[in-house]
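Structure first, then comments.
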Amino acid sequence: MLCRRYIVQGSVQGVFYRATTQQTAQRLGLTGWVRNRDDGAVELVACGDAAKLDKLEEWLRQGPPRSKVEAVMVSDEVPQVFIGFKVVH
Numbered sequence: 044m045l046c047r048r049y050i051v052q053g054s055v056q057g058v059f060y061r062a063t064t065q066q067t068a069q070r071l072g073l074t075g076w077v078r079n080r081d082d083g084a085v086e087l088v089a090c091g092d093a094a095k096l097d098k099l100e101e102w103l104r105q106g107p108p109r110s111k112v113e114a115v116m117v118s119d120e121v122p123q124v125f126i127g128f129k130v131v132h
């Protein structure tokens with residue numbers, strides 16, 4: 044199992060980015076969390092196998108219809124165990 048941290052920049056708050064990220068991660072069978080950051084970005088940590096994380100990253104670069112993604116920064120995280128995929132505040 045791998046874990047990755049993503050920071051998504053652009054017009055990604057107020058456009059259901061967190062909720063649709065949660066739905067996408069759950070559909071892919073990933074665990075972790077997603078939250079808004081004070082700087083206007085969305086941050087998430089997702090855990091699962093590499094192929095599923097790659098599919099999530101592909102989706103993150105597009106986002107939901109009303110979003111405008113400008114950049115996605117990705118870094119590896121120490122593997123962690125999460126129950127489900129949650130929106131956190």
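Residue numbering for the sequence shown follows the working numbering, starting at 44 and increasing by one per position. Quick reminder that beta carbons are idealized off the backbone N, C-alpha and C, glycines included.
Beta carbon of residue i, beta carbon of residue j: below 8 Å?
{"i": "T63", "j": "L99", "result": "no"}
{"i": "Y49", "j": "S110", "result": "no"}
{"i": "P122", "j": "C46", "result": "yes"}
{"i": "L73", "j": "G57", "result": "no"}
{"i": "Q65", "j": "V131", "result": "no"}
Would you mind giving the Cβ-Cβ distance between residue i and residue j, rounded to the nearest angstrom? I have them listed as a contact below 8 Å.
{"i": "G53", "j": "E113", "result": "4 Å"}
{"i": "V51", "j": "L103", "result": "6 Å"}
The beta strand (DSSP E) with residue i in it runs from where to where?
{"i": "Q66", "result": "No beta strand (DSSP E) holds Q66; the alpha helix (DSSP H) holding it covers 60–71."}
{"i": "A114", "result": "111–120"}
{"i": "Q105", "result": "Where Q105 is concerned, there is no enclosing beta strand (DSSP E), although the alpha helix (DSSP H) it sits in stretches over 93–105."}
{"i": "R47", "result": "45–54"}
{"i": "G127", "result": "Where G127 is concerned, there is no enclosing beta strand (DSSP E), given that its DSSP letter is neither H nor E."}
{"i": "R80", "result": "Segment: none, R80 is in no beta strand (DSSP E) and carries neither H nor E."}
Determine the closest residue to residue i out of the options, with distance taken between C-alpha atoms.
{"i": "E120", "options": "H132, E86, P108, K129", "result": "E86"}
{"i": "M44", "options": "V124, Q105, Q65, M116", "result": "V124"}
{"i": "F128", "options": "A93, V88, D82", "result": "V88"}
{"i": "L71", "options": "A94, R78, V77, D82", "result": "A94"}
State buried or exposed for residue i, treating a residue as buried only when at least 16 other CB atoms are found within 10 Å of its CB.
{"i": "R80", "result": "exposed"}
{"i": "A84", "result": "buried"}
{"i": "V117", "result": "exposed"}
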